[in-house]
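Novice: Residue numbers (UniProt numbering): 1 to 291.
1. Would you call the stretch 177-195 and the stretch 139-155 in contact, with 3 or more CB pairs under 8 angstroms?
2. Starting from residue 204, trace the beta strand (DSSP E) in both directions and tell me its first and last residue.
3. Judging by CA-CA distance, which residue of 78, 76, 104, 117 is the nearest neighbour of residue 93?
4. Going by alpha carbons, who is nearest to residue 175 out of 4, 19, 34, 26?
5. Report the partner residues of residue 110 according to the DSSP bridge assignment.
6. Are the CB atoms of residue 31 and residue 100 nearer to each other than 7 angstroms?
7. I'd like to know whether the C-beta of residue 46 is nearer than 7 angstroms to at least one C-beta of chain C.
8. With distance defined between alpha-carbon atoms, name the residue in 248, 167, 252, 266 nearest to residue 211.
9. Per the DSSP calculation, residue 332 is bridged to which residue(s)?
10. In chain order, what are the residue ranges of uninterrupted alpha helix (DSSP H) at least 4 long that sit wholly in the stretch 45-88?
11. Using only the alpha-carbon positions, how far apart do residue 242 and residue 180 sit?
12. Is residue 11 helix, strand or coil when you go by DSSP?
13. According to the neighbour-count rule (16 or more other Cβ atoms, all chains shown, within 10 Å of its Cβ), is residue 136 buried or exposed?
14. For residue 258, I'd like the list of residues in its chain whose CB is within less than 7 angstroms of its CB, leaving aside the five on either flank, ordered along the chain.
15. Which class does residue 242 belong to by DSSP, given the choice of helix, strand or coil?
16. Should residue 143 go down as buried or exposed, given a rule of 16 or more other Cβ atoms within 10 Å for buried?
17. At what residues does the beta strand (DSSP E) containing residue 217 begin and finish?
18. Between residue 154 and residue 178, what straight-line distance do the alpha-carbon atoms span, to the nearest angstrom?
19. Please state whether DSSP places residue 233 in a helix, a strand or coil.
20. From residue 281 to residue 274, what distance separates their C-alpha atoms?
21. Taking the alpha-carbon of residue 39 as reference, which of 230, 254, 247 has the nearest alpha-carbon?
22. When you compare only the Cα positions, how much space is there between residue 231 and residue 202?
23. I think residue 120 touches residue 111, with their Cβ atoms under 8 angstroms apart; what is that distance to the nearest whole Å?
24. Measuring straight from C-alpha to C-alpha, what distance separates residue 130 and residue 68?
25. Does the Cβ of residue 168 have 16 or more other Cβ atoms within 10 Å, making it buried, or fewer, making it exposed?
26. Rounding to the nearest angstrom, what Cα-Cα distance links residue 54 and residue 264 in this structure?
27. Kindly identify the DSSP beta-bridge partner or partners of residue 314.
28. By Cβ distance below 6 angstroms, which residues in the same chain neighbour residue 182 in space, the five residues on each side in sequence not counted?
29. Which of the three DSSP states, helix, strand or coil, is assigned to residue 222?
30. Taking all protein chains shown into account, do 16 or more other C-beta atoms lie within 10 angstroms of the C-beta of residue 89, making it buried, or fewer, making it exposed?
31. Contact check, residue 270 vs residue 96 under 8 angstroms by CB: the rounded distance?
So, in structure tokens, the structure goes:
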């Protein structure tokens, strides 16, 4: 990946990677207990020739600071507030977003309160109604799912969590990131979702006026794929979510070629729509100035 930089937000210093350039920007948001490093296979692909790729470490993860006030930062609304501050400092007035797992839920909350996002792609992040019932409808309840809420991880926990997210490969990838993560992220964020903090995610997605796409693995151990099929969302890739065979929770890592093609197609759609919207805005402003 390209060299990283630091930016200071109201939730602490955040480390990020930015390819720069004139391509339409897309922000990649990682899941719980990982970092921007999980997107190595996107930054090392042809995507960087066409688009401006940006990825950050959320507070409590990777090279970013742990939160000074974890009870407010490590929530769905706190992370969304951090992303808004991050985008403001980078002057990202229009962008696409890819959110994975926790990052997807945070991206939905961010979209509910910001006009910056022109398109949203999600993996492993079913948009759910508020509270426990909404969570149970969107996720498979299991003992493994409880790992996402566990504050203190052993090395064995880290290996198991890596296998659940990335498949049973040897050695388990990114266990160092899992063990580095502030454990309060997992417990605090799970409580935030259970309380129903922030916007109703399902309503936000179903009422969205920007393109929304789902790319999920057929073998995702956490997500109920049938739930995604029941959402009333016009899919840019056809009817219903895109499900990749032989893939688990992290399609961008397990099937990067297929995922990158889909992301490239999605960004084409988003960039074209954003350009049309901007042209319409310019025409409206010009007409008012002449009136």
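Beta carbons: idealized from backbone N, C-alpha and C, even for Gly. Predicted, not measured: the structure shown is a model, and the values here were computed from it.
Specialist: So, from the listed chains and residues:
1. yes
2. Unbroken run through residue 204 is the alpha helix (DSSP H), 201-206; no beta strand (DSSP E).
3. 117
4. 34
5. Residue 110 pairs with nothing; no bridge assigned.
6. yes
7. The structure shown contains no chain C, having only a single protein chain.
8. Residue 266 holds the alpha-carbon nearest to the alpha-carbon of residue 211 among 248, 167, 252, 266.
9. Because the chain spans 1 through 291 in this model, residue 332 falls outside it and cannot be assessed.
10. Contiguous alpha helix (DSSP H) elements confined to the stretch 45-88 occur at 47-50, 70-73, taking only those with 4 or more residues.
11. 32 angstroms
12. coil
13. Under the 10 Å beta carbon count, residue 136 is surrounded by fewer than 16 other beta carbons and is classified as exposed.
14. 244
15. strand
16. With fewer than 16 other Cβ atoms within 10 Å, it is exposed.
17. 212-217
18. 10 angstroms
19. coil
20. Confidence at residue 281 is low in this model, with a pLDDT of 37, below 50, so the placement of that residue should be treated as unreliable; the coordinate-derived value is given next. Those two C-alpha atoms are separated by around 10 angstroms.
21. 254
22. 8 angstroms
23. 6 angstroms
24. 27 angstroms
25. exposed
26. 15 angstroms
27. Nothing can be reported for residue 314: it is not among the residues displayed for the chain, which extend from 1 to 291.
28. 60, 66
29. Coil, per DSSP.
30. Classification of residue 89: exposed, given that the 10 Å Cβ count is below 16.
31. 5 angstroms
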